[in-house]
Each structure stands twice: as C-alpha cells, then as structure tokens.
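K.L.:
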Amino acid sequence: MQRRDLMRAAGGLSLAGVIGGKASAQSATRWDVSIPWGPSEFHTVNAGRFATAVREATNGAVQMTVHAGGSLGVRANETVRAVGDGVVPMAEMAGFQNVGDVPMLGIESIPFLIASYDELATMHSLVRPTWERELERRNNVVLYVVPWPMQCMYFKKPINTAADLRGIRMRTYDRVTAEMVTRLGMVPQQLTNPDVVPALASGRVDAVMTSGTTAVAQRYWEFLKHTYVTNHLWASNLMVVNRESWNRLPQATRDTIMQLAKRMEPEFWNVSKGEHDLRMEELKRNGMTVAQPAPALLQALRQATATMADDFARTNAPAGPIIQQFRQRVGRA
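To get our numbering, take the position in the sequence shown, counting from 1, and add 64.
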C-alpha cells in the first residue's frame, strides 16, 4: 500500500458492522486528528477537550485521536490538501499557512487592519462564510475557528528605529507577511512552525514573528533576547474534517458535533485571550525583555504597510467589499 492509502486506512475507520442489533466496539467512527503544534500549546489542548466532548456527546460513536507536533506527517502548509484528499480525516491548520490553497485565509495577515479580539470577531463574522465556502469546494468542512494571541516580533538585538530592521532575516508566514517584511527592509524567510527552531539554531533567521504562546513553547530565549508587542496582524486556526468522512456520519451525529463546536468555540477564544499576558511573563522570567515598540518605529511600520489592504483586495476580489464593511463597522471607513 502507498503511504497515503495507509494513512487513509488508519484515519478513516467508519461505522463498522452491527452485531446482534447493537453497535459493537468496532462500530465507532475513529478519526485521527493531525495537529502541527506541540502537545502543550493551547490549540492542541483545546483539540483534546473537543475530542473528549465529542466522544461523550455521541456515546462513543465518534472518537477523535489528537496527534500533536505534525506526527502524522502532514505539513502545516499542506493541510487543506491532506484533508481534502482524505490523507487524514481531520486536522487543525493555521489559515495563514494555507493561503496557497485558499488565498482569502490571508485577510487577517493584512498589517494593522485588525486591532483587537473584538475587531477580529467582527472580521470573522464577515469573512467566515467565504472561508467555509472555499474550503468546502476543497472537500473541507469547518468545525471551529480560534485565533492565536496578538503577535510580537522577537530579535537578537534592540530595535529602536526602522533603520535597525534593515537586513534582518525575519521568519514570515505567507506572501502578505513576506511583503510586509520586505517593505521594512528585512529579508523574508517563510517557515512553518516546526522549522523555526532549526532555522534559529543554524542562523538562517535572525528574528521571528509569532505569538507569545509559540515563543514559550519553542524556548526562544535560547536564541533571541528582545520581544516587541507589535500587534501587527492576527492569525487564526481552523479545525476541519474531510467532507466525505463527515457526510458518512448520521445527520443527528453531525448536528451534535456542530452544536458542540459552536458552544466550545467561545470558550477556546477565552483561552486565547488569556495566553498573551501569561506567556509574556514567562518570557521575562527566562531573561527576555518585553516592550512596546517605540512610537517612531510603530509609525514607520504602519506607514510602510499602509497600502497593503488595497493590494490584497486587488488580488483577491471578494476581499474588497469585506474590508470596506469591516472598516465601516469598526469606525475606520
């Protein structure tokens, strides 16, 4: 068997026979869930909570096994295809890492467009139907969406002015963040989560942008010394399931799982909201400085990236009306 066939067999056991009119132990639907994040990161913990809740709510009819750290071999930026093709029946992905398949997932990455969790919720209310429609076209069904905490930039040396950024090799997520970094005079290095620490260790990158959650999980203090809370973009994860696997479940079971996802998603958002301050304190305890960027530096960041929302809309036609509606709703039209 090919590797893809083996993984399908492992992840897609679904509703085996009924013995004596009662569901046997083998009749449960068992889904392996691919997670790129480490076992201690809150998104992984959330996924485990969701799996437990689903098992209990379906009386064991649907059993999800969470595999952290990319252990199923699905690369973070190939999740849409892996789930759509049935390589794994279920996975969590970072939207920004899958813009090659669904470009609109990058709308959160537009620099300084979204200022807070409340504004992010407003954006999601506008863009999520588009995300769900585009993902369903690729055989992915969205269960829940949860953001990372606000973003920071991490450096080896203090950064006081825009001139201090020139030539720094910065880890980026996607085309949008690569464009941002380039405009600031840095050199973009696009890396998925598991590749960041090896790149820091080898000297391929000098700086990283990510949340405090990942900075702590990957012990950035071993390579970097200075944290700046730039809040320059937002990033969210989507829990998705293969559409064929999903449709094989009875309608009542699908309804139960979707209701759970709807109920638990706000709880997962609250976990995210508590992460930033918690992780900033951990970085400090391990010797890193944590500061707001200097006003002049922040102004330079905003000025350099001011046209990127319009640029995104020009290359992603559905984004224009969404960005316009978003700005009206948050009072920045």
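We put the beta carbon where it would ideally sit given N, CA and C, even for glycine.
Do residue 226 and residue 316 have their CB atoms nearer than 7 Å?
P.N.:
no
K.L.:
Where do the ends of the beta strand (DSSP E) carrying residue 161 lie?
P.N.:
Unbroken run through residue 161: none, as it is neither H nor E.
K.L.:
Since residue 217 sits in a beta bridge, which residues does DSSP pair it with?
P.N.:
273 and 292
K.L.:
What does residue 300 pair with, by DSSP beta-bridge criteria?
P.N.:
Its beta-bridge partners are 211.
K.L.:
What does the alpha-carbon distance come out to for the pair residue 387 and residue 91?
P.N.:
46 Å
K.L.:
Can you tell me whether residue 264 is buried or exposed? The criterion is at least 16 other CB atoms within 10 Å of its CB, across all chains shown.
P.N.:
buried
K.L.:
Let me check one thing: in DSSP terms, what residues is residue 236 bridge-paired to?
P.N.:
254
K.L.:
Excluding five sequence neighbours on each side, which residues of the same chain lie with their C-beta closer than 8 Å to the C-beta of residue 300?
P.N.:
Counting only residues of its own chain and dropping the five nearest sequence neighbours on each side, residue 300 has a CB closer than 8 Å to the CB of 158, 159, 172, 184, 188, 209, 210, 211 and 212.
K.L.:
Thinking C-beta only, is residue 147 closer than 7 Å to residue 204?
P.N.:
yes
K.L.:
Does the beta-carbon of residue 367 have 16 or more other beta-carbons within 10 angstroms, so that it is buried, or is it exposed?
P.N.:
The residue is exposed, with fewer than 16 neighbouring Cβ atoms inside 10 Å.
K.L.:
Among all the DSSP beta bridges, which residues are the ones paired with residue 96?
P.N.:
The partner list for residue 96 (beta bridge, DSSP) reads 129.
K.L.:
Going by DSSP, what residues sit across from residue 353 in a beta bridge?
P.N.:
290
K.L.:
Could you spell out the range, first to last residue, of the alpha helix (DSSP H) harbouring residue 310?
P.N.:
307 to 311
K.L.:
Would you identify the three-state DSSP class for residue 360, choosing helix, strand or coil?
P.N.:
helix
K.L.:
Residue 156: buried (16+ other C-beta within 10 angstroms of its C-beta) or exposed?
P.N.:
buried
K.L.:
Looking at C-beta atoms only, is the number of pairs between the segment 377 to 395 and the segment 313 to 331 that lie closer than 8 Å three or more?
P.N.:
Three or more beta-carbon pairs separated by less than 8 Å are not found between the segment 377 to 395 and the segment 313 to 331, which leaves the two stretches without contact.
K.L.:
Starting from the Cα of residue 350, find the closest Cα among 279, 308 and 303 and give me that residue.
P.N.:
279
K.L.:
What is the rounded straight-line gap between the Cα of residue 272 and the Cα of residue 289?
P.N.:
11 Å
K.L.:
Check residue 156 in the structure and name its three-state DSSP category.
P.N.:
strand
K.L.:
Three-state secondary structure (DSSP) at residue 203?
P.N.:
coil
K.L.:
Alpha carbon to alpha carbon, how far is residue 369 from residue 135?
P.N.:
37 Å
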